[in-house]
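Chemist: In the numbering used here, the protein residues as written are 228 to 425.
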């Protein structure tokens, strides 16, 4: 059954969904890496595809930008399409000087001052952890590929353009030692935790 934000029918999404922010990046990933990708959603131009990778069903769908957007898409994938795993594969801005362009971060928690979790489920914590089981699999896959990953806390921000007089950054960079900043993971992790998903 479709939703107001997703035209796919039940069963058209795989149990595992890769989720970049950009719809065109989702299209590129599907057409480059999946075998026989099929477009299953294009509502509002947010493209979702399902195909196979090494014989296993895999979907890729854009989240759009920010926590409200990924909050809607991930919640519906988990609840309406029986998706079990969503892996965000988006970009981030580095906070720590040791991180270089194209380095890969594996978030072991997301910090945010967003009201997303509080309004969604009453969770007042400012830090939410992802699925330990899924992170373990990602860590193992990276090791098998010889891919270096940096693990740690990330900052999920509601704001892209911040005024210079705001004194918020020293806390997340120097006190919390967040590796980098993006705008979605806190909401994704919240949905997964609430719904018992990965």
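For every residue, glycine included, the Cβ atom is placed at its ideal position computed from N, Cα and C.
As the structure is a prediction and not an experimental result, all values here were calculated from the model.
Rounded to whole angstroms, what's the CA-CA distance from residue 368 to residue 234? Just pull it up for me.
Modeler: Stepping through the chain shown from its first residue, residue 368 is reached at position 141. Stepping through the chain shown from its first residue, residue 234 is reached at position 7. Straight-line Cα distance between these residues: approximately 32 angstroms.
Chemist: Would you say residue 408 and residue 322 are within 8 angstroms of each other, going by their C-beta atoms?
Modeler: Position 181 of the chain shown, counting from 1, holds the residue named residue 408. Position 95 of the chain shown, counting from 1, holds the residue named residue 322. In this structure, residue 322 lies closer than 8 angstroms to residue 408 by Cβ.
Chemist: Roughly how many whole angstroms lie between the Cα atoms of residue 405 and residue 319?
Modeler: Translated into the one-based positions of the chain shown, residue 405 becomes position 178. Translated into the one-based positions of the chain shown, residue 319 becomes position 92. Their Cα atoms are separated by approximately 12 angstroms.
Chemist: Can you check the segment 350-391 for any beta strand (DSSP E) of at least 3 residues that lies completely inside it and give the ranges in chain order?
Modeler: Taking only runs of at least 3 residues, the beta strand (DSSP E) segments lying wholly in the segment 350-391 are 376-383.
Chemist: Please classify residue 282: is it buried, with 16 or more other beta-carbons within 10 angstroms of its beta-carbon, or exposed?
Modeler: For the purposes of this step, residue 282 is taken as the residue at position 55 of the chain shown. With fewer than 16 other Cβ atoms within 10 Å, it is exposed.
Chemist: Kindly provide the ranges of any beta strand (DSSP E) runs that are 3 or more residues long and lie completely inside the segment 285-315, ordered along the chain.
Modeler: List check, beta strand (DSSP E) in window: 312-315.
Chemist: Between the C-alpha atoms of residue 359 and residue 413, what's the straight-line distance to the nearest angstrom?
Modeler: In the chain shown, counting from the first residue as 1, residue 359 sits at position 132. In the chain shown, counting from the first residue as 1, residue 413 sits at position 186. In a straight line, the C-alpha of residue 359 is about 15 angstroms away from that of residue 413.
Chemist: Name the two residues that bound the continuous beta strand (DSSP E) containing residue 268.
Modeler: The residue given as residue 268 occupies position 41 in the chain shown. Looking at the DSSP string, the run of the beta strand (DSSP E) that includes residue 268 is 262-268.
Chemist: Of the residues 338, 311 and 328, which one's Cα is nearest the Cα of residue 402?
Modeler: Residue mapping note: residue 402 aligns to position 175 of the chain shown, counting from 1. Of the listed residues, the one whose Cα sits closest to residue 402 is 338.
Chemist: Please identify the residue among 293, 265 and 241 whose C-alpha is closest to the C-alpha of residue 247.
Modeler: Taking the chain shown and counting its residues from 1, one reaches residue 247 at position 20. Taking only the C-alpha atoms, the option nearest residue 247 is 293.
Chemist: Tell me the rounded alpha-carbon separation between residue 262 and residue 279.
Modeler: Position 35 of the chain shown holds residue 262. Position 52 of the chain shown holds residue 279. Using only the alpha carbons, I get a separation of about 5 angstroms.
Chemist: Go to residue 346, then tell me how far its alpha helix (DSSP H) extends in each direction, as first and last residue.
Modeler: Translated into the one-based positions of the chain shown, residue 346 becomes position 119. Per DSSP, residue 346 belongs to the alpha helix (DSSP H) from 343-348.
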